Structures are given as structure tokens and as C-alpha cells.
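Chemist: Take the sequence shown: its position 1, counted from the start at 1, is 4 in the working numbering, and no numbers get skipped.
Glycine is no exception: its CB is placed at the ideal position from the N, C-alpha and C atoms.
In this text the structure is predicted, and so the values were computed from the model without any measurement.
Just passing along the structure, written as C-alpha cells.
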Amino acid sequence: MKILFIQRPDVLMTQRAFVEAELAQLDDAHIQFASSPEEALQHRDTEVLVCPTLPWISDVVQGLPLLQWIHFLSAGVDKIWDMPFDKTQYHMSKSIGVHASTITEYVLGAILYILKGFGTFQQQQQRREWRRFQLDECYDKTLAIIGVGSIGVKLAELAKLMGMRVIGTVVTQRSIPGVDKVYSSNELDTVIAQADFVVLLAPLTAATQNLIDTKAFEAMKGSAWLINVARGELVDQSALINALLSKQIAGAVLDVFDEEPLVSTSKLWGMDNVLITPHVAGTTQHYMFRALEIFKDNYRSFRCSGKLTTPISIENGY
């Protein structure tokens with residue numbers, strides 16, 4: 004099959020050789036590369052498009068008459084729904100699972116940062132202050148995972164090893180290894196009311212936009228922390244700021260925001276109960292390798308049966 008791999012120029016410059024070597028392992032695969040719409044549209048015989056969710060991808064899709072399948076290099080695909088191409092005309096897949104290890108480590112690192120008081124000790128160090136206080140531990144803490152998918156399964160597994168009780172929400176009710184109790188997504192308040200740490204992992208859809216609002220913060224414990232590594236739009240930003248300022252919740256670890264970069268005037272920057280990172284929880288030097296492994300699994304399945312292993316659901320919106 005004729006595969007067109009698209010990336011930003013700066014990324015393609017450093018990763019082209021690696022990508023070419025990885026995709027050369029596939030049977031009957033002919034690989035081409037592009038880093039702009041003009042370059043991409045020169046490859047009109049493309050059957051498979053492998054790409055990030057760049058804003059101009061729609062122009063490319065509509066200009067490739069033989070295109071059958073689009074594979075996105077990201078796990079989240081919320082950006083594609085505003086792209087003006089007919090989603091029903093193509094097979095579409097995503098790199099679900101690519102972040103499982105990295106985001107799990109980020110969340111557990113954030114939890115340990117909080118429980119072990121590392122932020123406070125760093126501040127004391129700057130003041131050359133020696134002040135001891137009792138630390139906390141993971142044992143018997145309740146971790147609520149909102150949207151248990153591939154990342155949530157990995158997170159639950161490791162959190163259990165650290166002595167945590169794990170609960171979570173899913174759209175389709177099922178038992179999940181490592182999760183002590185699984186709730187449906189419409190039982191959000193029941194879940195977060197039990198939690199010491201609420202971790203957001205749900206995809207962004209019409210149903211999850213502003214999922215964590217004033218009502219949700221009212222349901223949370225005063226000692227609870229919110230950790231958002233999904234999408235900023237899952238949280239009502241005004242409600243979040245009010246909950247933090249009023250100490251309605253203990254604090255928040257935020258890697259994603261409804262507008263990025265986070266504006267310098269945001270009140271979040273100055274809060275001592277907030278840890279901000281610039282949308283990096285899923286980044287790693289191993290990202291492309293893992294994304295290509297997911298694509299290769301899809302390719303082999305598609306060639307064998309016409310089915311994808313990580314398909315995008317138009318009905319569900321992710």
C-alpha cells in the first residue's frame with residue numbers, strides 16, 4: 004500500500020530516517036513523506052495517510068482521490084471533528100495507548116510530589132530553612148480515574164501496588180483489572196465524593212465538556228486534589244479557580260488548559276496549591292516508536308482482515 008507520512012518540518016527533519024526504517028518492516032508498503040500541504044498533494048496515489056492532527060490535514064485528505072485510511076499519531080482526536088472532510092468516507096484510527104506509560108508515571112509522580120511535600124521542601128531549601136513535618140503515603144488513599152481506558156488500566160495497576168484503592172468511571176460498564184469498583188460515567192458525583200485524588204483521563208466530547216463544574220467541586224472532599232492530564236475543556240475554568248481560591252478542594256495538578264499556552268494573566272499561576280506543567284505529561288523520546296508500533300499493528304490487521312485494531316468511533320466521538 005502507498006503510505007504518506009506527514010509531520011511538521013522540524014520533527015520530520017530529525018525523525019524521517021527512523022520512521023522510514025520502522026515502516027520498511029511492513030509488507031508491500033511504499034513510503035512517502037511530506038511536511039506541507041503542497042508537498043502532500045503531490046502524492047495523489049496515496050492510499051494510507053499517517054499524520055498528526057494538523058489544521059491543514061483536511062485539505063490534504065480532500066485532495067487524495069485514492070485515500071482509504073487515515074491513521075492519526077495522537078491518542079486524542081477531538082480536533083478532527085471540526086475538520087471539513089467527510090469522516091464516513093474513510094477508515095480512521097488513532098494511537099490509543101501511546102501515552103500509557105508516560106502519563107501513568109506523571110500522575111504517580113504528581114501524587115508523590117503532593118504526599119511527600121516536595122514542593123514545600125523546595126521552598127524551604129531556597130530559604131535555607133530546616134523544618135521537619137510528618138509526610139503522608141499512598142496506602143489507603145482513594146484514586147478516582149475519570150474515563151478508564153488504556154492509560155487508566157496501567158495507572159490502576161501501579162496505584163494498587165502502592166496500596167491505593169482505585170475506583171473509576173467508564174461509558175460501557177465492565178470489570179477492569181486493578182479497579183476495585185467501576186461506575187458508569189453518569190455516576191460522577193458518587194465517584195469523586197470518595198476520592199483523595201481525582202484524575203481526568205476522559206476524551207473530550209460534547210458529553211465531557213465542562214464535566215468538572217461547580218457541582219462536581221461541591222461533591223469533592225475538601226482534602227482532595229484534581230489532576231488533569233486529558234483536555235483542559237473537561238474542566239470549567241471559572242469553577243476551578245473559585246474552588247481553589249476558596250479552598251473547596253486542596254489543590255490541582257494541571258497539564259492541560261482550555262486555552263494553550265495558559266495566559267500570563269491567569270490566576271492559576273500565582274496559586275500555591277496549584278502545580279502547572281505545559282502540556283508535557285505524554286511527551287517522551289519513545290513517543291514515535293510507540294505510535295509507529297500501534298500503526299504497524301493496524302496495518303497488518305487491515306491488510307489481513309480489513310479491520311483496524313484502534314479504530315476511531317464516529318458515533319462516540321473518539
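In this structure, does DSSP put Val185 in helix, strand or coil?
Modeler: strand
Chemist: Where Arg168 and Ala198 are concerned, what is the direct C-alpha to C-alpha distance, given to the nearest angstrom?
Modeler: C-alpha separation (whole angstroms): 9 angstroms.
Chemist: Are the CB atoms of Leu7 and Thr49 nearer to each other than 8 angstroms?
Modeler: yes
Chemist: Work out the CA separation of Lys5 and Gly164 for me, nearest whole Å.
Modeler: Sequence check: residue 164 is Leu here, not Gly. Their backbone Cα atoms lie some 45 angstroms apart in a straight line.
Chemist: Please report the distance separating the alpha-carbon of Lys310 from that of Asn301.
Modeler: 8 angstroms
Chemist: What residue does the beta strand (DSSP E) around Arg168 start on, and which one ends it?
Modeler: First-last of the beta strand (DSSP E) with Arg168: 168–173.
Chemist: At a cut-off of 7 angstroms, would you count Asp239 as near the ligand COA, judging by its Cβ distance to the nearest heavy atom?
Modeler: With respect to small molecules bound, the structure shown includes none, and the ligand COA cannot be examined in it.
Chemist: On the DSSP bridge list, what partners appear for Pro314?
Modeler: The partner list for Pro314 (beta bridge, DSSP) reads Ser96.
Chemist: Thr175: buried (16+ other C-beta within 10 angstroms of its C-beta) or exposed?
Modeler: exposed
Chemist: Quick check for students: name the residue ranges of the alpha helix (DSSP H) that lie wholly in the stretch 116–161, counting only runs of 4 or more.
Modeler: 121–129
Chemist: Just the Cα atoms here: how many angstroms apart are Ile99 and Arg130?
Modeler: 44 angstroms
Chemist: Apart from the five residues just before and just after Gly181, which ones in its own chain have a Cβ nearer than 7 angstroms to its Cβ?
Modeler: The residues are Val156, Ala159, Glu160, Lys163, Val169.
Chemist: Between the stretch 247–255 and the stretch 281–288, are three or more C-beta pairs nearer than 8 angstroms?
Modeler: no
Chemist: For Thr217, which of Ser241, Ala37, Glu42 has the nearest alpha-carbon?
Modeler: Ser241
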